[in-house]
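As given, the protein sequences belong to chains U and D, one line each in that order. Numbering-wise, the working numbering puts 203 at position 203 of the first sequence, and it's gapless, one number per residue. When you read off a place in the second sequence, starting at 1, and then add 259, the result is the number in the working numbering. The structure under discussion appears below in the form of structure tokens.
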Amino acid sequence: MPIYAQEPGERPKPTLYVVDSLNMEQKQTFFQGFTLSGDIFGPIQKFVSDYGVFEGALRINFKNKFFPIVEAGYAVCETTNEDTQVSYNTKAPYLRAGLDINMLKNKWQDNRLYLGARYGISKFNYDISGPAQTDLVWGGSKAFNYKDISTTAHWIELVAGVQVKIWRNFHMGWSVRFKSAISKGRTDYGTPYYIPGYGTTTSGTCWGATYNLSFDLNWGRKKNPTIVNAVVHPVENENTTTRHPEETKEEEENNKKTE
Amino acid sequence: MRKQKRHLIAIMVLTALTAMAGLGAACSSNNCPLDNTVTCNYYFYDSDNNPISLADTLTVSVLLPGHDTLYTYRLVGSNTIKSRTRIDSLVEQGYREVVTITRHDSILINRVVNASYFQLPMAYFNSGDTLVFDYFNLSNNDTLYIDHTNMPQVNLPECGSYMFHTITSVKSTDAAIDHLEVVNPNVNYEGKENIRIHFTGTIE
């Protein structure tokens, strides 16, 4: 409670306070729980195109700033080009691991704006088939149908995204990802058209997106100290503008009574 | 506060939809190579490794899989009869039968002059190609034997399938050719030089 210097019967003069922001930062609990999330964009993409993913993620919350994350998914690609009649099919899991950093200055709020990076890997088999290959010069023809071609691909991703609280511990958010392949897993039969978790290999880099619904499993996370638990210090300088919140409330109540 | 949250969610949804539309548009381009003919590229050099243009008129033919069998029947006082099938009755009549077996062949380059290189496809389903060089000013021919492996390829379904090759060994006769050199064993549609044919003699 603030201490007032006053004469008997005199209305107390307010003392000015500043919030010790450094102290606020130190009050953040280091481990604040887990976040489970699922991607909504991947299944919709599969519904409207030849490929898509079913993906979930587990994220750890350190000080509401650092979020180590593991993303695991199962990708499906079943495509046949109408002009060439060449088909490419794969169904395989993939794994991504990395770190997100919450870029918002106020780490006490439930919304997050984050930047991050990932390393992704997928070991997968794929099938290619198409019209029989015919040698017009030397003669001969052979069916073009090759199954279970095995390979492994690696890539890295840069991630930017947002996440907002929609209800209680439920959040919704999206991320945009810039992906660059370390190895596309080229085989004797060529470069795979689609890498699970990475996307199509039409160029050296690739863009991706997720739209997540997530649930926070909070663990010792505290509420915003600026309202409930702020550490404040009295200041003698009258030019200081920040006031103690309880004192402001008290003054408002007195004003109402006077009116 | 609630209004602010609603606005935030609305902005988030719109931005996500715009980004997804952009992603969809970015994936619709065609990335097939413009020049997608798979050829083995042969370049001419002298024996000192200087690039040259061949002054002689050159015809290149390839020996194809399969054989032709020709039956020739001759009898003194009678016309010569040629047939692709055996005629037993002529043998019974006393005709002399000569059987000639020849490889199928096909001329792929006909009487080219001042050539410094040429490009030829390789066999899809055989592991060895035989090329015959017929020089206009030389009575002898040269024969090149190119051994290779074949590998079907698909990179993008929209581009179709290809047959790539890897050259494993080369050799030739020496009527005009000094030696052969494999500079790039991978035969694909990139158009790189694959085999150097070093002819006898130098340009100096």
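Here a beta-carbon is modelled for each residue, glycine too, at the ideal position from N, C-alpha and C. Note that the structure is a prediction, hence the values are computed from the model and not measured.
query                                                                                                                      : result
Terminal residues of the alpha helix (DSSP H) in which U:V48 lies                                                          : F41 to V48
Beta carbon proximity, D:G336 to chain U, threshold 8 Å                                                                    : no
For U:S183: DSSP bridge partner residues                                                                                   : U:H154
Short CB-CB distance (under 8 Å) between D:N447 and chain U                                                                : no
Residue-chain proximity (D:F458, chain U), Cβ-Cβ < 8 Å                                                                     : no
Other residues of its chain near U:K65: CB distance less than 8 Å, five sequence neighbours each side excluded             : Q28, I101, N102 and K107
Coil, strand or helix - U:L104 by DSSP                                                                                     : coil
D:V357 versus D:D347, D:T296, D:L313 and D:Y332, residue with shortest Cα-Cα distance                                      : D:Y332
Cα-Cα separation, D:N445 to U:R112                                                                                         : 51 Å
Cβ separation of D:H330 and D:T344, assumed to be a contact under 8 Å, to the nearest whole Å                              : Reading the sequence as shown, one finds Tyr at residue 330 of chain D and not His. About 7 Å separates the two Cβ atoms, so the contact holds.
Other residues of its chain near D:C418: CB distance less than 6 Å, five sequence neighbours each side excluded            : C291
Local Cβ density within 10 Å of D:D347, reported as buried at 16 or more and exposed below that                            : exposed
Those runs of the beta strand (DSSP E) which lie wholly inside the segment 291–332 of chain D and span at least 3 residues : 299–304
Helix, strand or coil at D:D347 according to DSSP, with G and I counted as helix                                           : helix
Cutoff 7 Å; reference D:G460; Cβ partners in own chain excluding five residues on either side                              : D305 and S306
Cβ pair D:F423, D:N447 closer than 8 Å                                                                                     : yes
Three-state secondary structure assigned by DSSP to U:P192                                                                 : coil
Of the residues U:N212, U:K142, U:N89 and U:G139, the one placed nearest U:I128, counting alpha carbons only               : U:N89
Whole runs of the beta strand (DSSP E) within the segment 346–397 of chain D, excluding any shorter than 3 residues        : 355–371, 376–379 and 387–394
Assigned secondary structure, U:E78 (DSSP; H/G/I helix, E/B strand, else coil)                                             : strand
Straight-line gap, U:L217 to U:N169 (C-alpha atoms, nearest Å)                                                             : 7 Å
Contact belief for U:Y198 with U:W155 at Cβ below 8 Å, rounded distance in angstroms                                       : 5 Å
Given U:K178 as reference, the closest of U:H171, U:G130 and U:T210 once Cα atoms are compared                             : Before going on, a small fix: residue 178 of chain U reads as Phe here, not Lys. Ranking the options by Cα distance to U:F178, first place goes to U:T210.
Chain U contacts from the segment 401–424 of chain D (Cβ-Cβ distance under 9 Å)                                            : M410, P411, Q412, V413, N414, L415, P416, E417, C418, G419, S420, Y421, M422 and F423
Minimum Cβ-Cβ distance from U:T84 to chain D less than 8 Å                                                                 : yes
Spatial distance of U:F54 from D:E449 (CA atoms)                                                                           : 38 Å
Neighbourhood of U:F62 by C-beta distance below 8 Å, restricted to the same chain and skipping five residues each side     : F30, F31, Q32 and P68
Limits of the beta strand (DSSP E) - the one that U:W207 falls within                                                      : T205 to N218
Residue closest to D:D437, alpha-carbon to alpha-carbon, out of D:T402, D:N453 and D:N414                                  : D:T402
Near-chain D residues of the segment 131–144 of chain U (beta-carbon distance less than 7 Å), N- to C-terminal order       : Q133, D135, V137, W138, G139, G140, K142 and F144
Rounded separation between D:S431 and D:L397 - CA only                                                                     : 16 Å
Neighbour flag for D:N385 against chain U, beta carbons, 8 Å                                                               : yes
Short CB-CB distance (under 8 Å) between U:D148 and chain D                                                                : no
For U:G116 and U:M1, the rounded distance between their alpha carbons                                                      : Reliability of the predicted coordinates at U:M1 is poor, the pLDDT of 47 falling under 50, and no value is obtained from them.
Beta-bridge partners of U:I69, as assigned by DSSP                                                                         : U:R59 and U:G98
Per-residue DSSP class, three states only, for U:P131                                                                      : strand
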